[in-house]
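A.B. asks: As given, the protein sequences belong to chains A and B, one line each in that order.
When the letters of the first sequence are read in order and numbered with the working numbering, they come out as residues -14 to 535.
When the letters of the second sequence are read in order and numbered with the working numbering, they come out as residues 209 to 392.
Positions of the beta carbon are idealized from the N, C-alpha and C atoms, including for glycine.
None of these values were measured; they are calculated from a predicted model.
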Amino acid sequence: MAQLEELRSALERRHLIRRTQSICPECNRILPALIFERDGKVWMSKTCPEHGECEELYFGSYEMYKKFSTYWTDGKRAQAPNVPIDKCSCPMNCGLCSNHLSHTGLANIIVTNRCDLTCWYCFFYVKKGLEGAYLYEPTLEQIRSMVRTLRAQRPVPGNSVQITGGEPTLREDLVDIVRAIREEGVEHIQLNTNGITLALKPDLAIKLREAGVSNLYLSFDGVTPKTNPKNHWEVPYTLENCRKAGLGVVLVPTIINSINDHELGGIVKFAWKNMDIVRAISFQPVSLTGRMSKKEREKYRITIPDCIKRVEEQTDGMITKEDWFPVPSCSPVTHFIEAFTKRPNYELSIHFACGAGTYVFEDEDNKKLIPITQFVDIKGLLEYLDEASEEINSGANRYLTAVKAVLNINKFIDKEKQPKGLSLSKLLTSVLLKHDYSSAGQFHLRSMFIGMMHFQDKYNQDEERLQRCDIHYLTPDLRIIPFCSFNVIPEWYRDRIQQKYGIPVSEWEAKVGRKLEDGLYRGTLRRGSHHAGCGCVVSNNVHIEPITGT
Amino acid sequence: MNLLSLKLESNTKRIVRDESLKLKVYFKLSGLVRDLFNQKNWEEAWDKHDLTLRMDYHLKIYKNGLIKKLLSDLKFVRKAKFYWSRNPDLPYRIWVMIVDEDGNPILPKDEEEAKSVFFEGFKSFSFFGKEIGLGEHGLIANMKAKWSKHSFIDKGEIEANSNKVSIEVIEYKDYSLNRETILS
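Printed below as a string of structure tokens:
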């Protein structure tokens, strides 16, 4: 009876927000789904006729959901689709299909699925002995073809590639791969890595930088060995080698509730101490892959608003929840540039629930970290740019309007509160008028971006989000597959592609004359106790002041 | 043709200088821009990547007299965002989300609700008698609404005045007493 009462009460407290489509986590059947508010949080519910109801936390704060949803902007679509279909059938037939709404923002190329680590929560490395374990390493020619497909994308040719794995640094021809991608015309190349090889080989960072890598996308899950056993001891060496090479770093913590969600503030402080080389942090609330009981999901599930709340708590209010904006909020900047230049521009048109971010700057005088929202009226500036774009689109002289816009930027900046040594209006003017890759780069050199990117799983999959995904995978069959299809339904995408274009592990071992496990990292840099610079709370490190993680 | 209708209402006709007068301005925009704001045109606009219709409203309240005095000046924006909906119950692909001036996202259930949320509303104001000044006054609201060029509508602007509301502001509550009587 008590259970029934509880169920009835939970149903009565539901407030419907919208309807969408999702999939059954058991059988992948496409299902209608409800997005609703209950007790200040946003939930998803869907019912499979065969496997029953699945209710899942979708977004940890309804207030933030409302604020974020007002920035909803659909993208320019993929105008050169590889899978032409009339009727949208997400999440089937991805590649991109004619109904996908965002051009590629970042294209992943898996260069190997070998890894030198075996992290328990990672879904992306080849495990020996598993049925269907295939070792996948596309050839340089295949990689070139994939990049050509990306560059052929319209209306905006892809210009940003992430080399990923497995652990990409296990490929001995990695530098050649980077060169090849650059030769195909890609300006931004980031390397997704655990950093261990870069820590062990000091000259690798220089070689990669020279070949064209823009920055590392470095796994970094916490500031203690307990939360970050993967590369806690190695990261200081990696950072030092990147520092020597002038290679920027993005820290990428996967956040798991009850595991490392108490260290977000510590990670921000660690990044801040290394701000000369750390350009950004990209927090990734965990995607719960594989079958998981509801109890386990409740234990591990964390969403973007939950992470934002923890950042506020753990930085003593230095970065508050008001400082965050959803990724598509930058669309007015794109739309203004498009109105001014009269041609399509690179746009981050993902769903508002997929990602959020803020910029922080260091005040040179008082050595404080200041979020951009504390000295720029971001909302007002975005509104103003929106208005200016409309003026141009309604026939106003675009040059005059652009000049007026640039002159008016100062109105939105509080120069008293602006960090000393920073001229944000100059940086913004450069971004608006030059609207090129290097202007955006200059902006990032002066700031640190803190972002959140929540990849989906079968429990919270929202086709409205998937249809707008702009983080894609390039595959040897020359498709471009959204991240949340590729990894959420691996049996349709990732595993199938790796099987088709890979070889069995045993065959690979025979070919190269060594065993897969020979490539595992044996902890060369972690022998003995904590050392100076290991980034640990108990060390008196050199590069970083001790971090308390609180 | 577009038509902007405006209605001004007050809670009383006479107030003391330290009391507050409550006014409500009801507005409704009808005509071409409202008629063209329909699902067919949302879809057409969306197909051309014309994704947001923005309505700028500018509402002023004046005190009439020899010199027209501005009592209140309010600007607000409503946005209609066209997007591809995955709502399986919706018979259309493209639908609209309206973001009102308070930043609330509203997903209307049908076209009529969308029109009503986007083109209609009311605003409340409150003034102390002393802000208006002693004596008899006529209050009037003026509203301008403007929109930009979009695939289904040219840019446009419309302005309208409300009915006049007569208000008397007096010094004391007891209307039978005049100033001289009290002072004596």
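Is there a Cβ of chain A sitting closer than 8 Å to that of residue 315 of chain B, yes or no?
C.D. replies: Residue 315 of chain B counts as touching chain A.
A.B. asks: Would you decide whether residue 326 of chain A is buried or exposed? Buried here means 16 or more other CB atoms lie within 10 Å of its CB.
C.D. replies: Its Cβ having fewer than 16 others within 10 Å, residue 326 of chain A is exposed.
A.B. asks: Report the residues of the stretch -12 to 6 of chain A with a CB closer than 9 Å to any CB of chain B, ordered along the chain.
C.D. replies: From the stretch -12 to 6 of chain A, only 2, 3, 4, 5 and 6 have a Cβ closer than 9 Å to chain B.
A.B. asks: At what residue ranges does the stretch 149 to 174 of chain A contain a whole run of the alpha helix (DSSP H), taking only runs of 4 or more?
C.D. replies: 159 to 168, all fully within the stretch 149 to 174 of chain A.
A.B. asks: Could you run through the stretch 35 to 55 of chain A and flag, in chain order, every residue whose CB is less than 8 Å away from some CB of chain B?
C.D. replies: If the cut-off is 8 Å between Cβ atoms, the stretch 35 to 55 of chain A has 51, 52, 54 and 55 near chain B.
A.B. asks: With a threshold of 8 Å between beta carbons, is residue 393 of chain A in contact with chain B?
C.D. replies: So no, residue 393 of chain A is outside the interface.
A.B. asks: Determine which residues of the stretch 247 to 269 of chain B have a Cβ less than 9 Å from any Cβ of chain A, and write them out in chain order.
C.D. replies: Listed by position along the chain: 254, 257, 258, 259, 260, 262 and 264.
A.B. asks: What does the Cβ neighbour count give for residue 497 of chain A, buried or exposed, with the cut at 16 atoms within 10 Å?
C.D. replies: So residue 497 of chain A counts as exposed.
A.B. asks: Residue 281 of chain B bridges to which residues according to DSSP?
C.D. replies: In DSSP, residue 281 of chain B forms a bridge with B/268.
A.B. asks: If you measure between the beta carbons of residue 348 of chain B and residue 216 of chain B, is that distance less than 8 Å?
C.D. replies: Yes, these two residues count as a Cβ contact at 8 Å.
A.B. asks: What does residue 311 of chain B reach in chain A if we use C-beta pairs closer than 7 Å?
C.D. replies: In chain order: 52 and 55.
A.B. asks: Starting from the beta carbon of residue 291 of chain B, find every residue of chain A whose beta carbon is closer than 7 Å, and list them in chain order.
C.D. replies: By Cβ distance, chain A contributes 57 and 59.
A.B. asks: Between A/112, A/69, A/61 and A/94, which lies nearest to residue 87 of chain A when the distance is taken from Cα to Cα?
C.D. replies: Nearest option by C-alpha distance: A/61.
A.B. asks: Which of helix, strand or coil does DSSP assign to residue 111 of chain A?
C.D. replies: Here residue 111 of chain A sits in coil by DSSP.
A.B. asks: Return the first residue and the last residue of the alpha helix (DSSP H) that residue 297 of chain A is part of.
C.D. replies: Element bounds for residue 297 of chain A: 289 to 299.
A.B. asks: Quick one: list the residues of chain A neighbouring residue 356 of chain B, beta-carbon separation under 8 Å, in chain order.
C.D. replies: Correct list: 375, 376, 378 and 379.
A.B. asks: Nearest to residue 271 of chain A by alpha carbon, out of A/243, A/297 and A/140?
C.D. replies: With distances taken between Cα atoms, residue 271 of chain A lies closest to A/243.
A.B. asks: For the stretch 186 to 204 of chain A against the stretch 151 to 166 of chain A, do three or more pairs of beta-carbon atoms, one drawn from each stretch, fall closer than 8 Å, so that the two count as touching?
C.D. replies: The stretch 186 to 204 of chain A, when compared against the stretch 151 to 166 of chain A, does touch it at the 8 Å Cβ threshold.
A.B. asks: Residue range of the beta strand (DSSP E) that residue 457 of chain A falls in?
C.D. replies: Taken as a continuous stretch (DSSP letters only), the beta strand (DSSP E) holding residue 457 of chain A covers 456 to 459.
A.B. asks: Thinking C-alpha only, which one of A/212, A/435, A/280 and A/336 is nearest residue 356 of chain A?
C.D. replies: When each option's Cα is compared against that of residue 356 of chain A, the closest is A/435.
A.B. asks: Checking the sheet assignment: what are the DSSP bridge partners for residue 286 of chain B?
C.D. replies: Per DSSP, B/263.
A.B. asks: What whole-angstrom Cβ distance do residue 228 of chain A and residue 433 of chain A have, given they're in contact under 8 Å?
C.D. replies: That belief does not hold up - the Cβ atoms of residue 228 of chain A and residue 433 of chain A are roughly 15 Å apart, past 8 Å.
A.B. asks: If you draw a straight line from the C-alpha of residue 141 of chain A to the C-alpha of residue 213 of chain B, how long is it?
C.D. replies: Roughly 45 Å between the two C-alpha positions.
A.B. asks: Grab the span of the alpha helix (DSSP H) containing residue 484 of chain A for me, first residue to last.
C.D. replies: 479 to 486 is the span of the alpha helix (DSSP H), which, as asked, contains residue 484 of chain A.
A.B. asks: Excluding sequence positions up to five away, which residues of its chain have a Cβ less than 6 Å from the Cβ of residue 264 of chain B?
C.D. replies: Once the five neighbours on either side are set aside, the close Cβ partners of residue 264 of chain B are 285 and 354.
A.B. asks: Can a CB atom of chain B be found closer than 8 Å to the CB of residue 22 of chain A?
C.D. replies: No, no contact with chain B.
A.B. asks: Any idea if residue 313 of chain B is buried or exposed, counting beta-carbon neighbours within 10 angstroms, 16 or more meaning buried?
C.D. replies: Label assigned to residue 313 of chain B: buried.
A.B. asks: Does the stretch 303 to 321 of chain A touch the stretch 335 to 347 of chain A, meaning 3 or more C-beta pairs lie closer than 8 Å?
C.D. replies: Touching, yes, given that three or more Cβ pairs across the two stretches are closer than 8 Å.
A.B. asks: Going straight from the alpha carbon of residue 85 of chain A to that of residue 464 of chain A, what length do you get?
C.D. replies: Rounded to the nearest angstrom, the two C-alpha atoms are 13 Å apart.
A.B. asks: Beta-carbon separation of residue 203 of chain A and residue 233 of chain A under 8 Å?
C.D. replies: No, the pair does not count as a contact, with Cβ atoms beyond the cut-off.
A.B. asks: What separation, rounded to the nearest whole angstrom, lies between the Cα atoms of residue 55 of chain A and residue 94 of chain A?
C.D. replies: The alpha-carbon atoms of residue 55 of chain A and residue 94 of chain A are separated by roughly 33 Å.
A.B. asks: Cα separation between residue 34 of chain A and residue 77 of chain A?
C.D. replies: C-alpha separation (whole angstroms): 20 Å.
A.B. asks: Please report how far the alpha carbon of residue 538 of chain A lies from the alpha carbon of residue 362 of chain A, in whole angstroms.
C.D. replies: Here chain A has residues from -14 to 535 only, and residue 538 of chain A is not among them.
A.B. asks: Provide the residue span of the beta strand (DSSP E) that contains residue 319 of chain A, from first to last.
C.D. replies: From DSSP, residue 319 of chain A is part of no beta strand (DSSP E) but of the alpha helix (DSSP H) over 316 to 326.
A.B. asks: Per DSSP, which one or two residues make a beta bridge with residue 147 of chain A?
C.D. replies: According to DSSP, which records beta bridges pairwise, residue 147 of chain A is partnered with A/93 and A/175.
A.B. asks: Closest Cβ-Cβ distance between residue 371 of chain A and chain B: below 8 Å?
C.D. replies: Chain B, which has a Cβ nearer than 8 Å to the Cβ of residue 371 of chain A, makes this yes.
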